[in-house]
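Please read the structure below before turning to the comments.
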Amino acid sequence: MLLRMILIAGLVGLPAISAAQGLNVAFGSLQQDTSEPVEVTADSLSVDQNDGSAVFKGNVNIAQADMRMSADQVNVFYSAGGQGIEKLIADGDVLLVQGEDAAEADHAVYSIATGTVEMKGNVTVLQGVNTITSDEMLINLRDNTAKMQGRVRTIIRSE
């Protein structure tokens, strides 16, 4: 009986531990080659030559190899010399899809050099029939891992 109570107490405490420390999950099925070209389509584009940035607005869709991202607006910042993209900042209904996994958030920053995507605000990850939500998530596209932090909640369904 005592062992059973200890086990129940331990299981009840697990969600609090995972919320405090964050949750590591796999994301995507293929390693992303961040040196691949980035294709951006949108309803409108404005470019600022002074700071080396471009703003894509309306139905923005981004494709790089097997990774897809969409958002209401994406700011693109070019590296020194304008020869490549340094980072993409997406805002409004951000959706990231890689392989069979999908993640939604209010805001995302994709750093090309590091191959990471930082998503913030109402983050939801869909993996098959399972759902994970949190306040923020850091995805490493090169090794297909992600760390979720801030009130992590998981819903696991049997298929």
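34 is the number of the first residue of the sequence shown in our numbering; add one for each residue after it. Backbone N, C-alpha and C fix where the C-beta goes; we use that ideal spot for every residue, glycine too.
What does the Cβ neighbour count give for residue i, buried or exposed, with the cut at 16 atoms within 10 Å?
i	result
Q97	buried
A146	exposed
A113	exposed
Excluding the five sequence neighbours on either side, which residues of its own chain have a C-beta within less than 6 Å of the C-beta of residue i, listed in chain order?
i	result
D139	G154, N155
R101	V130
V107	F89, V93, L121, A123
Once DSSP output is grouped into helix, strand and coil, what is the label at residue i?
i	result
G43	Confidence in G43 is poor, its pLDDT being 39 and thus under 50, which makes the residue's placement unreliable; the coordinate value appears in the next sentence. Looking at G43 - three-state DSSP - the assignment turns out to be helix.
G114	helix
V156	strand
S51	Confidence at S51 is low in this model, with a pLDDT of 41, below 50, so the placement of that residue should be treated as unreliable; the coordinate-derived value is given next. It is helical.
G91	strand
Q106	strand
N83	coil
When you compare only the Cα positions, how much space is there between residue i and residue j?
i	j	result
F6	Y111	Residue 6 lies beyond the residue range present for the chain, which begins at 34 and ends at 192; the question has no answer from this structure.
Q160	M181	14 Å
R184	L171	14 Å
Excluding the five sequence neighbours on either side, which residues of its own chain have a C-beta within less than 7 Å of the C-beta of residue i, listed in chain order?
i	result
G148	Q65, T67, N173, L174, R175
Pairing CB atoms from the stretch 84 to 93 with CB atoms from the stretch 67 to 76, are three or more of them under 8 Å? Yes: at least three Cβ pairs fall under 8 Å.
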